[in-house]
Amino acid sequence: MTPASSLLIGALLGAANAGAAAWTARRAATLDSQRAIQLVLGGMAVRMALVLVAFALVLATVPVHRGAFVGGLGLLFLVGLAAEVALVFGRTDRPRPEA
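Sequence positions in the sequence shown follow mature numbering (1 follows the signal peptide of the UniProt record, and there is no 0) and run -20 to -1, 1 to 79.
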């Protein structure tokens, strides 16, 4: 497999992770702080496990150029992480209604 196609496969896996991270952070923005943290951390744990499984499966079953694959995945993974952090820390806490 060529380095370009290996890079593309890694980038697609990283982009899928970044998209899921952005969706989770956007969804958490509508929740109160406690629920938002639970959703973001739970979503992160599930995404990390799925990316690890997909990463291992690709390396074990597809004859990819390892450096290009890891580079593409790593770059998009970091972009997704930065977007998620920006969305989570950019949210403003709304005052809670008094019961």
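Virtual Cβ for every residue (Gly too), placed ideally from N, Cα, C.
As assigned by DSSP and simplified to three states, the class of residue i
i: Pro43; result: coil
i: Leu11; result: coil
i: Thr4; result: helix
Rounded distance between the beta-carbons of residue j and residue i, thought under 8 Å
i: Leu30; j: Leu19; result: Between Leu19 and Leu30 the Cβ distance is about 16 Å, and since that is not below 8 Å, they are no contact.
i: Ala9; j: Leu61; result: So it is not a contact: roughly 17 Å between Cβ atoms.
Distance cut-off 6 Å: residue i Cβ against heavy atoms of the ligand MN
i: Gly54; result: Among the components modelled here there is no ligand, and therefore nothing to report on the ligand MN.
Among the options, nearest to residue i - alpha-carbon criterion
i: Leu(-8); options: Ala5, Arg7, Leu39 and Met(-20); result: Leu39
i: Gly54; options: Arg15, Arg7, Gly70 and Met28; result: Met28
i: Val50; options: Phe35, Ala(-5) and Met(-20); result: Phe35
Problem set entry | Those runs of the beta strand (DSSP E) which lie wholly inside the segment 17 to 70 and span at least 3 residues | none
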